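Chemist:
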Amino acid sequence: MKKLILPIIASIMLSSFTIHHVNKPKAVVVWQPSHQTDTGVDFSEAKTCNGIVEAAMAGKPKLKEYKVWSLDQPNLHHPNMGSNTIIEHTSAIIDGKISGYAYELQESNKKKPDVFIAVHNNGGTKRHAIWGFIHDGDPYEADNKALAARLIAAVSSVTDLENRGVQLDSTTSRNNYTCKSTGKKAFYSLDEHVNTAKYRVLLEIGDNGVSKAFLENPANQKKMGEAIKAELAKWLAEKNLN
0 MKKLILPIIA
10 SIMLSSFTIH
20 HVNKPKAVVV
30 WQPSHQTDTG
40 VDFSEAKTCN
50 GIVEAAMAGK
60 PKLKEYKVWS
70 LDQPNLHHPN
80 MGSNTIIEHT
90 SAIIDGKISG
100 YAYELQESNK
110 KKPDVFIAVH
120 NNGGTKRHAI
130 WGFIHDGDPY
140 EADNKALAAR
150 LIAAVSSVTD
160 LENRGVQLDS
170 TTSRNNYTCK
180 STGKKAFYSL
190 DEHVNTAKYR
200 VLLEIGDNGV
210 SKAFLENPAN
220 QKKMGEAIKA
230 ELAKWLAEKN
240 LN
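Read in numbering that gives the first Met the number 0, the sequence shown has 128 at position 129, and its numbers run on one by one without any break.
This is the structure we're talking about:
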(Lines of atoms letter the chains of each structure in order from A and count residues from 1; the text may use other names and numbers.)
(Lines give C-alpha, C1' and ligand atoms only; values in the text may rest on other atoms or scores of the structure.)
Protein backbone atom coordinates (compact mmCIF):
# COMPACT_ATOMS: atom_id res chain seq x y z
CA MET A 1 0.00 0.00 0.00
CA LYS A 2 2.83 2.39 0.91
CA LYS A 3 4.46 1.68 -2.44
CA LEU A 4 1.25 2.75 -4.17
CA ILE A 5 0.67 5.93 -2.10
CA LEU A 6 4.16 7.39 -2.46
CA PRO A 7 4.10 7.63 -6.29
CA ILE A 8 0.62 9.23 -6.10
CA ILE A 9 1.83 11.89 -3.64
CA ALA A 10 4.91 12.55 -5.77
CA SER A 11 2.72 12.90 -8.86
CA ILE A 12 0.42 15.42 -7.13
CA MET A 13 3.38 17.48 -5.92
CA LEU A 14 4.93 17.50 -9.39
CA SER A 15 1.62 18.53 -10.98
CA SER A 16 1.22 21.34 -8.46
CA PHE A 17 4.74 22.58 -9.18
CA THR A 18 4.17 22.38 -12.94
CA ILE A 19 0.90 24.35 -12.77
CA HIS A 20 2.52 27.00 -10.59
CA HIS A 21 5.44 27.25 -12.98
CA VAL A 22 3.21 27.55 -16.06
CA ASN A 23 1.05 30.25 -14.44
CA LYS A 24 3.99 32.31 -13.24
CA PRO A 25 3.90 35.79 -14.83
CA LYS A 26 6.51 36.19 -17.56
CA ALA A 27 6.51 39.92 -18.21
CA VAL A 28 8.12 42.46 -15.90
CA VAL A 29 6.12 45.68 -15.57
CA VAL A 30 7.44 48.89 -14.03
CA TRP A 31 5.15 51.71 -12.95
CA GLN A 32 6.44 55.26 -12.61
CA PRO A 33 4.01 57.63 -10.88
CA SER A 34 4.84 61.31 -11.13
CA HIS A 35 6.97 62.64 -8.28
CA GLN A 36 5.97 66.25 -8.97
CA THR A 37 4.57 68.26 -6.09
CA ASP A 38 4.99 71.66 -7.77
CA THR A 39 2.30 71.48 -10.45
CA GLY A 40 -1.07 73.14 -10.06
CA VAL A 41 -2.38 75.18 -7.16
CA ASP A 42 -2.75 73.43 -3.80
CA PHE A 43 -2.27 70.17 -5.67
CA SER A 44 0.11 67.21 -5.48
CA GLU A 45 0.48 65.40 -8.79
CA ALA A 46 2.67 62.89 -6.98
CA LYS A 47 -0.16 61.99 -4.63
CA THR A 48 -2.86 61.59 -7.28
CA CYS A 49 -0.67 59.61 -9.65
CA ASN A 50 0.61 57.37 -6.90
CA GLY A 51 -2.99 56.64 -5.93
CA ILE A 52 -3.71 55.51 -9.49
CA VAL A 53 -0.56 53.38 -9.66
CA GLU A 54 -1.16 51.77 -6.27
CA ALA A 55 -4.69 50.86 -7.37
CA ALA A 56 -3.34 49.37 -10.58
CA MET A 57 -0.76 47.28 -8.75
CA ALA A 58 -3.34 46.07 -6.24
CA GLY A 59 -5.79 45.18 -9.00
CA LYS A 60 -6.15 41.79 -10.63
CA PRO A 61 -4.41 39.95 -12.10
CA LYS A 62 -1.22 40.10 -10.09
CA LEU A 63 1.76 40.62 -12.35
CA LYS A 64 5.50 40.72 -11.84
CA GLU A 65 5.39 44.46 -11.25
CA TYR A 66 7.35 47.16 -9.47
CA LYS A 67 7.04 50.86 -8.73
CA VAL A 68 9.87 53.38 -9.09
CA TRP A 69 9.41 56.70 -7.30
CA SER A 70 11.93 59.32 -6.23
CA LEU A 71 9.62 61.21 -3.87
CA ASP A 72 11.54 62.26 -0.74
CA GLN A 73 14.54 60.11 -1.67
CA PRO A 74 17.78 61.61 -0.26
CA ASN A 75 20.91 62.60 -2.19
CA LEU A 76 19.09 63.45 -5.42
CA HIS A 77 18.35 66.74 -7.10
CA HIS A 78 14.73 67.46 -8.06
CA PRO A 79 13.38 64.35 -6.28
CA ASN A 80 9.93 65.93 -5.77
CA MET A 81 9.65 68.23 -8.76
CA GLY A 82 10.89 68.95 -12.25
CA SER A 83 9.93 68.44 -15.87
CA ASN A 84 10.46 65.26 -17.87
CA THR A 85 11.55 67.47 -20.79
CA ILE A 86 14.25 69.65 -19.20
CA ILE A 87 17.91 68.59 -19.15
CA GLU A 88 18.55 70.23 -15.78
CA HIS A 89 15.74 68.17 -14.22
CA THR A 90 16.61 64.84 -15.87
CA SER A 91 20.00 63.94 -17.32
CA ALA A 92 22.05 66.64 -15.59
CA ILE A 93 24.32 65.86 -12.65
CA ILE A 94 24.26 68.69 -10.09
CA ASP A 95 26.72 68.81 -7.19
CA GLY A 96 27.51 65.16 -7.85
CA LYS A 97 23.86 64.13 -7.61
CA ILE A 98 21.61 62.54 -10.21
CA SER A 99 18.02 63.69 -10.67
CA GLY A 100 14.84 62.11 -9.39
CA TYR A 101 14.00 61.03 -12.92
CA ALA A 102 17.45 59.48 -13.43
CA TYR A 103 17.11 57.60 -10.14
CA GLU A 104 13.74 56.20 -11.18
CA LEU A 105 15.06 55.04 -14.53
CA GLN A 106 18.12 53.44 -12.93
CA GLU A 107 15.87 51.55 -10.53
CA SER A 108 13.58 50.55 -13.38
CA ASN A 109 16.41 49.25 -15.56
CA LYS A 110 17.64 47.07 -12.70
CA LYS A 111 14.36 45.16 -12.93
CA LYS A 112 14.89 44.47 -16.65
CA PRO A 113 11.33 45.50 -17.52
CA ASP A 114 9.38 44.52 -20.59
CA VAL A 115 6.78 47.24 -20.06
CA PHE A 116 7.17 50.70 -18.53
CA ILE A 117 4.11 52.82 -17.72
CA ALA A 118 4.51 56.40 -16.50
CA VAL A 119 1.47 58.11 -14.97
CA HIS A 120 1.19 61.90 -14.88
CA ASN A 121 -1.44 64.65 -14.81
CA ASN A 122 -1.57 67.33 -17.48
CA GLY A 123 -1.88 71.04 -16.80
CA GLY A 124 -2.93 74.24 -18.51
CA THR A 125 -5.04 72.44 -21.10
CA LYS A 126 -8.48 73.45 -19.79
CA ARG A 127 -9.60 69.96 -20.82
CA HIS A 128 -10.99 67.22 -18.61
CA ALA A 129 -9.29 64.58 -20.70
CA ILE A 130 -6.68 61.84 -20.99
CA TRP A 131 -3.72 61.66 -23.38
CA GLY A 132 -1.22 58.95 -24.24
CA PHE A 133 2.40 59.72 -25.18
CA ILE A 134 5.01 57.54 -26.86
CA HIS A 135 8.57 58.11 -28.03
CA ASP A 136 9.01 59.49 -31.55
CA GLY A 137 11.19 57.29 -33.79
CA ASP A 138 11.20 54.33 -31.42
CA PRO A 139 11.75 50.86 -32.94
CA TYR A 140 8.55 49.73 -31.20
CA GLU A 141 6.57 52.89 -31.93
CA ALA A 142 3.61 51.00 -33.45
CA ASP A 143 3.34 48.61 -30.50
CA ASN A 144 3.66 51.46 -28.02
CA LYS A 145 0.96 53.43 -29.82
CA ALA A 146 -1.39 50.46 -29.73
CA LEU A 147 -0.77 49.90 -26.01
CA ALA A 148 -1.17 53.57 -25.11
CA ALA A 149 -4.38 53.80 -27.14
CA ARG A 150 -5.87 50.84 -25.32
CA LEU A 151 -4.93 52.12 -21.87
CA ILE A 152 -6.37 55.60 -22.38
CA ALA A 153 -9.51 54.13 -23.96
CA ALA A 154 -9.93 51.89 -20.92
CA VAL A 155 -9.70 54.85 -18.54
CA SER A 156 -12.01 56.97 -20.68
CA SER A 157 -14.60 54.18 -20.73
CA VAL A 158 -14.96 54.11 -16.93
CA THR A 159 -14.82 57.89 -16.41
CA ASP A 160 -16.01 61.09 -18.08
CA LEU A 161 -12.48 61.92 -19.29
CA GLU A 162 -12.32 62.85 -22.96
CA ASN A 163 -10.05 60.55 -24.98
CA ARG A 164 -7.55 62.84 -26.73
CA GLY A 165 -5.63 60.04 -28.38
CA VAL A 166 -1.96 59.13 -28.56
CA GLN A 167 0.71 61.74 -29.29
CA LEU A 168 4.43 61.55 -30.06
CA ASP A 169 6.62 63.04 -27.33
CA SER A 170 8.27 65.31 -29.91
CA THR A 171 4.97 67.05 -30.70
CA THR A 172 4.87 68.92 -27.41
CA SER A 173 8.01 70.85 -28.50
CA ARG A 174 8.62 71.58 -24.84
CA ASN A 175 11.90 72.64 -23.28
CA ASN A 176 15.35 71.27 -24.21
CA TYR A 177 15.71 67.52 -23.66
CA THR A 178 16.29 65.76 -26.99
CA CYS A 179 16.76 62.18 -28.18
CA LYS A 180 20.28 61.70 -29.52
CA SER A 181 19.04 59.38 -32.29
CA THR A 182 16.45 61.72 -33.78
CA GLY A 183 17.58 65.09 -32.45
CA LYS A 184 13.92 65.79 -31.66
CA LYS A 185 12.43 67.03 -28.41
CA ALA A 186 11.59 64.07 -26.20
CA PHE A 187 10.41 62.84 -22.83
CA TYR A 188 13.45 61.67 -20.86
CA SER A 189 11.67 58.68 -19.33
CA LEU A 190 10.54 57.38 -22.75
CA ASP A 191 13.92 57.72 -24.47
CA GLU A 192 15.26 54.32 -25.54
CA HIS A 193 18.78 55.48 -24.68
CA VAL A 194 17.69 55.91 -21.06
CA ASN A 195 14.92 53.37 -20.57
CA THR A 196 15.68 49.73 -21.45
CA ALA A 197 12.04 48.56 -21.45
CA LYS A 198 10.86 47.40 -24.87
CA TYR A 199 7.41 48.92 -24.45
CA ARG A 200 7.18 52.43 -22.97
CA VAL A 201 4.13 54.66 -22.60
CA LEU A 202 3.29 57.78 -20.61
CA LEU A 203 -0.26 58.64 -19.61
CA GLU A 204 -1.36 62.21 -18.92
CA ILE A 205 -4.54 61.76 -16.91
CA GLY A 206 -6.76 64.78 -16.39
CA ASP A 207 -5.77 68.41 -15.94
CA ASN A 208 -4.56 69.72 -12.58
CA GLY A 209 -6.88 72.70 -12.99
CA VAL A 210 -10.21 71.60 -14.43
CA SER A 211 -9.88 67.99 -13.20
CA LYS A 212 -8.49 68.78 -9.73
CA ALA A 213 -11.42 67.49 -7.64
CA PHE A 214 -11.84 64.46 -9.89
CA LEU A 215 -8.16 63.51 -9.66
CA GLU A 216 -8.02 63.92 -5.89
CA ASN A 217 -10.97 61.56 -5.34
CA PRO A 218 -9.62 58.17 -4.14
CA ALA A 219 -12.57 56.34 -5.70
CA ASN A 220 -11.69 57.76 -9.11
CA GLN A 221 -8.03 56.87 -8.63
CA LYS A 222 -9.01 53.29 -7.81
CA LYS A 223 -11.37 53.03 -10.77
CA MET A 224 -8.73 54.32 -13.20
CA GLY A 225 -5.93 52.18 -11.81
CA GLU A 226 -8.02 49.02 -12.05
CA ALA A 227 -9.06 49.85 -15.62
CA ILE A 228 -5.44 50.36 -16.67
CA LYS A 229 -4.41 47.08 -15.05
CA ALA A 230 -7.21 45.06 -16.65
CA GLU A 231 -6.47 46.37 -20.13
CA LEU A 232 -2.72 45.91 -19.67
CA ALA A 233 -3.30 42.28 -18.68
CA LYS A 234 -5.36 41.68 -21.84
CA TRP A 235 -2.65 43.23 -23.99
CA LEU A 236 0.08 41.15 -22.32
CA ALA A 237 -1.90 37.96 -22.91
CA GLU A 238 -2.40 38.82 -26.58
CA LYS A 239 1.34 39.47 -26.95
CA ASN A 240 2.04 36.14 -25.19
CA LEU A 241 3.92 38.02 -22.50
CA ASN A 242 1.87 36.57 -19.65
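From the three backbone atoms N, C-alpha and C, an ideal C-beta is built for every residue, glycine too. Keep in mind the model is a prediction, meaning the values are calculated, not measured.
The alpha helix (DSSP H) spanning PRO217 covers which residue range?
Modeler: The sequence position of residue 217 within the sequence shown is 218, counting from 1. Here the alpha helix (DSSP H) through PRO217 covers 217 to 237.
Chemist: When we look at the beta-carbon of PRO60 and count the other beta-carbons within 10 Å, is it buried (16 or more) or exposed?
Modeler: On the sequence shown, position 61 is the one that residue 60 refers to. Exposed.
Chemist: Quick one: Cα of ALA185 to Cα of ILE86, how far?
Modeler: The residue you call residue 185 lines up with position 186 of the sequence shown. The residue you call residue 86 lines up with position 87 of the sequence shown. Distance between the alpha carbons of ALA185 and ILE86 is about 10 Å.
Chemist: How many Å lie between ALA117 and LYS66 at the Cα?
Modeler: For the purposes of this step, residue 117 is identified with residue 118 of the sequence shown, where counting begins at 1. For the purposes of this step, residue 66 is identified with residue 67 of the sequence shown, where counting begins at 1. Straight-line Cα distance between these residues: approximately 10 Å.
Chemist: Quick check: what's the CA-CA separation for GLU215 versus GLN35?
Modeler: The residue given as residue 215 occupies position 216 in the sequence shown. The residue given as residue 35 occupies position 36 in the sequence shown. Cα to Cα, the separation comes out at about 15 Å.
Chemist: What do you reckon, are the CB atoms on THR84 and ARG173 nearer than 8 Å?
Modeler: In the sequence shown, the residue the question calls residue 84 occupies position 85. In the sequence shown, the residue the question calls residue 173 occupies position 174. Closer than 8 Å, so yes.
Chemist: Would you check if there are 3 or more beta carbon pairs closer than 8 Å linking the stretch 108 to 128 to the stretch 168 to 182?
Modeler: no
Chemist: With a threshold of 7 Å on Cβ separation, who are the neighbours of LEU104 within its own chain once the five nearest residues in sequence on each side are excluded?
Modeler: Numbered from its first residue, the sequence shown carries residue 104 at position 105. For LEU104, where only same-chain residues beyond five positions count, the Cβ hits under 7 Å are SER188, VAL193 and ASN194.
Chemist: So what does ILE92 bridge to, in DSSP terms?
Modeler: Here residue 92 is taken as the residue at index 93 of the sequence shown, counted from 1. DSSP lists no partner for ILE92.
Chemist: When DSSP labels each residue in this structure, what does LYS66 get in the three-state scheme?
Modeler: Sequence index remark: in the sequence shown, residue 66 carries index 67 (1-based). Strand.
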